[in-house]
Amino acid sequence: MMFSRKKQLRSRELLKFNISHRLNLLYVALFVPRLLYFILWILRPFYERNENWLNKTWRYGFLTLGGGVMHPAEMRAYRAGIKAVIDNFKTALAAERNNEPLAWVEWILNAEIIEAFDIASFNTESLNIFGNTMGSEYPPALIAEAESQGVPVENCSAVKLSVGSYFLKQIPEPTLIIAASHPCDSSISIYQILEYLTGVPTFSYDAPYWKDENSYDYFTMNTWDLIGFLEKQLDKKIDWVKLREVLERVNEINFYLREVCEMNRAVPCPGTMISLALTWVIREVAVRSPLAVSMAKGVYEATKYRFDKGVGVVKNERVRVLMWFPPIGFFTYIFKWMEHEFGAVVVADFIGHISTIHINTETPETMVHDLSRSQLHLGMGRQCHGPVEFIVDELEKMLEDYSADCVFFMGHNGCKHGWAALKIIKDFLKKKGMPALYLNLDIMDKRHTSEQEIKKEITDFFRSHGWA
Amino acid sequence: MNIMDDTSQMKILKKITDIAASERNDYLMGAKRSGRKVIGYFCSYVPEEVIHAAGFIPYRMRAVASSGTEKGDIYFSSLNCTFVRHCFDKALKGDFDFLDGIVFLNGCDHTRRLYDNWRYADIPPVFRYMFVAPHKTGTTAEKRFSGEIEMFKKELEKHFNVTISDEALASSIKLYNRKRQLLQSIYETGKSNEVPLRGSEFLRLMLALTAMPVEDSIALLEELKGEIQGRSTARTGDLRIFLASGCVEEPDHLELIEELGASIVADNICLGTRNFNLAVSEDDEPVPSLARRYLYHLSCPRMMNTARERLAYMQDTCREFQVDAIIAEKLKFCDLWGGELFLYRKESRKLGIPLLALERELYGGSSGQMRTRIQAFYEQVMNRRNTADVLFRSAGDDYQASNKNPVD
Chain A
1 MMFSRKKQLR SRELLKFNIS HRLNLLYVAL FVPRLLYFIL WILRPFYERN ENWLNKTWRY
61 GFLTLGGGVM HPAEMRAYRA GIKAVIDNFK TALAAERNNE PLAWVEWILN AEIIEAFDIA
121 SFNTESLNIF GNTMGSEYPP ALIAEAESQG VPVENCSAVK LSVGSYFLKQ IPEPTLIIAA
181 SHPCDSSISI YQILEYLTGV PTFSYDAPYW KDENSYDYFT MNTWDLIGFL EKQLDKKIDW
241 VKLREVLERV NEINFYLREV CEMNRAVPCP GTMISLALTW VIREVAVRSP LAVSMAKGVY
301 EATKYRFDKG VGVVKNERVR VLMWFPPIGF FTYIFKWMEH EFGAVVVADF IGHISTIHIN
361 TETPETMVHD LSRSQLHLGM GRQCHGPVEF IVDELEKMLE DYSADCVFFM GHNGCKHGWA
421 ALKIIKDFLK KKGMPALYLN LDIMDKRHTS EQEIKKEITD FFRSHGWA
Chain B
469 MNIMDDTSQM KILKKITDIA ASERNDYLMG AKRSGRKVIG YFCSYVPEEV IHAAGFIPYR
529 MRAVASSGTE KGDIYFSSLN CTFVRHCFDK ALKGDFDFLD GIVFLNGCDH TRRLYDNWRY
589 ADIPPVFRYM FVAPHKTGTT AEKRFSGEIE MFKKELEKHF NVTISDEALA SSIKLYNRKR
649 QLLQSIYETG KSNEVPLRGS EFLRLMLALT AMPVEDSIAL LEELKGEIQG RSTARTGDLR
709 IFLASGCVEE PDHLELIEEL GASIVADNIC LGTRNFNLAV SEDDEPVPSL ARRYLYHLSC
769 PRMMNTARER LAYMQDTCRE FQVDAIIAEK LKFCDLWGGE LFLYRKESRK LGIPLLALER
829 ELYGGSSGQM RTRIQAFYEQ VMNRRNTADV LFRSAGDDYQ ASNKNPVD
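One line per chain: the protein sequences are A and B, in this order.
Counted the way this note's numbering counts, the first sequence spans residues 1 to 468.
Counted the way this note's numbering counts, the second sequence spans residues 469 to 876.
Here it is, written out as structure tokens:
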């Protein structure tokens, strides 16, 4: 999809294009992961280093799939996740076509409750995620559209893009919206804009500041209010049996991913962080699908295989990196690139790490209570809604648990609160004697800092510390 | 009538100007010397009555008389707003050394990190409290707000070894309601053609009132109310402006807006209507009444589910105050007011009210640029007044709206 074609976009074209030309093809190709691995490896010289007119359409997609250096077992796991996303997109488009209810769910929340009402849900930031990870030029075009309509340039591009998508009619119209007050002001701001533009009933989750019992109770009350809101808007009662089913699957996902996180503590690290990052994306978009469990299980099995054999994801692990703050959306290959080029493995990061609790599915009360707590512990949510200790304490624990050699601070432009905490984080790492690289970029907009610039900074950092 | 001549003629306005120009004043320091404690707070969602009922003076934090952000920039980044950077700079330089306590609020991403950096830099005072206000209205939020007020009350009692009785709270509520009532009545004089008090003067008044004991504030307001009766600051042809913004605390900036041919007659700013809009019920239990008032008063964009109410307020106010145009401002890197400006643009266009959207830095200078933009805007508004020019476009408006989307 070329940037210059923006003005000729037909309604929902990007979403349909993603399904038909990218995700479907990938899904089919992943039936033969070894063959795909081989093809990616053979074609590697033509796309791995640089983007050119010949490879620009599919380069990022190939890189997200590991660029010929990802083990086929992991690729097999992604197949289930891709199918879950295709199903979600198709269901959302069908709901719109048939005038059935469709809930937009903000990216920081998962859509388990929606499953209990048996209506379609859509992650408003989907085009952002898949545009960037699958590699095309339309994310910057959608961001530019939002900005030209008056959305502030400095707002987080991750949510800003949704406004551009809406203006250009690239995402299905909602019948209701579920938003949240965390993790940042951009979310608060953009979802008020979306509510205004769409004119549909909107429910806002209010994240507490602290993590004490009072705060969790307040968030739980928010979930009860959400149930009341949905019952009223949809004129139907919540189906507790369906909620139990989806939450039991969520428990399974959490189990597998927690195990992966635990295994990644081993030296050498058996897992690759791209798997946890992509699983986080699948949770966002399609946590309701049983296929999300299959993906988590696939990632678990691939990691467990290496863990049991005592081998790492790279043969010669030289550096263990902790990546703090959100990872780069438009350059997901960063993980495999660092592994391949430097033997540097990202052992834990801000979003992939799982610390959600097991949800007790015995009664409606336990489900709502534990689900609420679990939502507050999702990646980015758990660190960003309160004091700086939520960020620094987790960072300290990660450094200890994962035997990290260095830290990458992913300085995303939209994260104002992150920038306001930078001195505290810097001083902390300095005190710990931990080498750190502070990147200044926009995780969803490659126009700000390019892939080549990021690569250069990382290479220089490794060189200056004798790791390259 | 020249506004500065007018100010100099009136002793009380001169007094207000002096108080507003510094972070400390004779009223405040006099009370402090007599043993009253001063508690700083950061946002209009902090219930001043609780602080007052403890026997203390609530003091609205500000960056007035700031000399720069050099020290603040060590802790905050250039991607953070200038209000927090100036305030923190002043804190590091000891400008707030008269404070006995400070109350932060989860108002926005920038101010909530003030709490973190203040503790990290270990800047006095020792009593540093994070007051957590919900981001939405409704029954659940109301209960939560009541609970937060109770916790805040307990913390004040514990730290300062004082008792905050319901009687004391009720008495403080009465006093603050009186202050709100007086402010409201002065504010409403803006509806008249004479505009007895200009927007810049009103901002000075607010700066002064939020930095002195409420008892003195009431006396000052009563005196001022009498003084401005029959006063007129209006000039022929002046535009009547509605000002919307977050943190505005430079009267000079408002003077610039007015000097160029306008009167700011109404507002939705932190140090404006949001401060005195809506009284606390005196008939119910004090804490739930405070929670209701502070949750439901004219909101700022930090509140997620009240955007429509804010826009309705803008529309109603423009009608009641016969507003000619809106100036909506934001500080750079303020996501919340950035989003609000988007809503204002769309809504004002729908309503046919000209709007100028400004982005600026607090104490950032650039008065030349501001002057040019404001002048050009006024000319456009005047043109529309004087002609039936349908080609008129309000400055800062959505220039793409007229381009039909190719998708349609």
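For glycine and all other residues, C-beta sits at the position ideal for the given N, C-alpha and C.
Closest by C-alpha distance to residue i, when choosing among the options
{"i": "B/Arg708", "options": "B/Lys647, B/Leu728 and B/His603", "result": "B/Leu728"}
{"i": "A/Leu15", "options": "A/Asp87, A/Thr64 and A/Phe62", "result": "A/Asp87"}
{"i": "A/Glu74", "options": "A/Glu195, A/Val32 and A/Glu48", "result": "A/Val32"}
{"i": "B/Pro681", "options": "B/Lys505, B/Lys482, B/Met478 and B/Leu481", "result": "B/Lys505"}
{"i": "A/Arg320", "options": "A/Ala158, A/Asp393, A/Met434 and A/Glu389", "result": "A/Met434"}
{"i": "B/Leu650", "options": "B/Ala687, B/Gly562 and B/Tyr812", "result": "B/Ala687"}
{"i": "A/Tyr438", "options": "A/Glu147, A/Lys426 and A/Met444", "result": "A/Lys426"}
{"i": "A/Ser204", "options": "A/Leu399, A/Val153, A/His182 and A/Val69", "result": "A/His182"}
{"i": "A/Phe89", "options": "A/Lys236, A/Arg447, A/Lys336 and A/Arg22", "result": "A/Arg22"}
{"i": "B/Ala499", "options": "B/Ile617, B/Thr704, B/Asp565 and B/Glu683", "result": "B/Glu683"}
{"i": "A/Lys242", "options": "A/Ile114, A/Gly67 and A/Asp405", "result": "A/Ile114"}
{"i": "A/Thr356", "options": "A/Glu341, A/Glu362, A/Glu339 and A/Gly381", "result": "A/Gly381"}
{"i": "A/Gly199", "options": "A/Phe461, A/Tyr166 and A/Leu226", "result": "A/Tyr166"}
{"i": "B/Ser700", "options": "B/Asn661, B/Leu673, B/Ile654 and B/Lys693", "result": "B/Asn661"}
{"i": "B/Pro769", "options": "A/Phe62, A/Cys156, A/Gln192 and A/Glu137", "result": "A/Gln192"}
{"i": "A/Ala94", "options": "A/Lys431, A/Cys406, A/Pro172 and A/Ala266", "result": "A/Pro172"}
{"i": "B/Phe564", "options": "B/Ala533, B/Arg776 and B/His578", "result": "B/Ala533"}
Partners in chain A for residue i, counting only beta-carbon separations shorter than 8 Å
{"i": "B/Met598", "result": "Tyr209 and Pro387"}
{"i": "B/Asp557", "result": "Residues of chain A passing the Cβ test: none, with the nearest at roughly 14 Å."}
Where residue i meets chain B, residues with beta-carbon distance less than 7 Å
{"i": "A/Trp419", "result": "Ser545, Leu547 and Asn548"}
{"i": "A/Gly466", "result": "Per Cβ cutoff of 7 Å: no residues; A/Gly466 is ~30 Å from chain B at best."}
C-alpha distance - residue i paired with residue j, whole-angstrom precision
{"i": "B/Gly667", "j": "B/Ile732", "result": "5 Å"}
{"i": "B/Thr785", "j": "B/Asn745", "result": "13 Å"}
{"i": "B/Glu690", "j": "B/Leu665", "result": "14 Å"}
{"i": "A/His369", "j": "A/Asp217", "result": "8 Å"}
{"i": "A/Ile19", "j": "A/Tyr27", "result": "10 Å"}
{"i": "A/Asn440", "j": "A/His412", "result": "6 Å"}
{"i": "A/Ile483", "j": "B/Tyr812", "result": "Only positions 1 to 468 of chain A appear in this structure, which leaves residue 483 of chain A out of reach."}
{"i": "B/Cys576", "j": "B/Phe551", "result": "12 Å"}
{"i": "A/Glu451", "j": "A/Leu65", "result": "17 Å"}
{"i": "A/Thr303", "j": "A/Val311", "result": "10 Å"}
{"i": "A/Tyr305", "j": "A/Pro270", "result": "8 Å"}
{"i": "B/Arg742", "j": "B/Arg828", "result": "21 Å"}
{"i": "A/Val293", "j": "A/Arg79", "result": "12 Å"}
{"i": "A/Val260", "j": "A/Leu322", "result": "16 Å"}
{"i": "A/Leu494", "j": "A/Val105", "result": "There is no way to answer for residue 494 of chain A, as the model of chain A reaches only from 1 to 468."}
{"i": "B/Ala796", "j": "B/Ala825", "result": "5 Å"}
{"i": "A/Pro140", "j": "A/Leu127", "result": "11 Å"}
{"i": "A/Leu36", "j": "A/Glu248", "result": "33 Å"}
{"i": "A/Ala436", "j": "A/Val345", "result": "15 Å"}
{"i": "A/Val159", "j": "A/Pro326", "result": "14 Å"}
Residues of its chain near residue i, where Cβ-Cβ distance is below 7 Å and the 5 sequence neighbours each way are ignored
{"i": "B/Asp541", "result": "Arg553"}
{"i": "B/Ala521", "result": "Ile632, Ala636, Leu637 and Ser640"}
{"i": "A/Val250", "result": "Glu112, Val287 and Ile359"}
{"i": "B/Tyr543", "result": "Phe556, Asn585 and Ala589"}
{"i": "B/Phe613", "result": "Ala601, Pro602, Ala759, Tyr762 and Leu763"}
{"i": "B/Lys561", "result": "Lys539"}
Residues of its chain near residue i, where Cβ-Cβ distance is below 6 Å and the 5 sequence neighbours each way are ignored
{"i": "B/Phe595", "result": "Gly569 and His627"}
8 Å Cβ shell around residue i - same chain, five flanking residues per side excluded
{"i": "A/Trp240", "result": "Ala116, Pro364 and Met367"}
{"i": "A/Ile328", "result": "Ile334, Met410, Leu441, Ile443 and Ile454"}
Proximal chain A residues relative to residue i, where beta-carbon distance stays under 9 Å
{"i": "B/Ile542", "result": "Lys423"}
Residue i: contacting residues in chain B (beta-carbon distance under 9 Å)
{"i": "A/Tyr196", "result": "Ala775, Arg776, Leu779, Phe810, Leu811, Lys814 and Glu815"}
Under 7 Å from the C-beta of residue i: neighbouring residues of chain A
{"i": "B/Leu804", "result": "Asp185, Ile188 and Ser189"}
{"i": "B/Asp584", "result": "Pro387, Val388, Ala421 and Ile424"}
Amino acids of chain B, ordered along the chain, whose beta-carbon sits closer than 8 Å to that of residue i
{"i": "A/Glu469", "result": "Examination of residue 469 of chain A is not possible in this model, given that chain A is present from 1 through 468 alone."}
{"i": "A/Asn222", "result": "Thr608"}
Open item on the list: Counting beta carbon pairs with one atom in the region 411-426 of chain A and one in the region 183-193 of chain A, are three or more of them shorter than 8 Å?
Closed with: Taking 8 Å as the limit for Cβ pairs, the verdict is that the region 411-426 of chain A does touch the region 183-193 of chain A.
Task: Three or more C-beta pairs below 8 Å linking the region 280-287 of chain A and the region 121-134 of chain A - done: Verdict: yes, contact present.
Task: the region 838-853 of chain B contacting the region 222-236 of chain A, beta-carbon criterion three pairs below 8 Å - done: Fewer than three Cβ pairs drawn from the region 838-853 of chain B and the region 222-236 of chain A lie within less than 8 Å of each other, which leaves the two stretches out of contact.
Open item on the list: Contact between the region 796-806 of chain B and the region 704-723 of chain B is defined here as three or more beta-carbon pairs at a separation below 8 Å; is this criterion met?
Closed with: Taking 8 Å as the limit for Cβ pairs, the verdict is that the region 704-723 of chain B does touch the region 796-806 of chain B.
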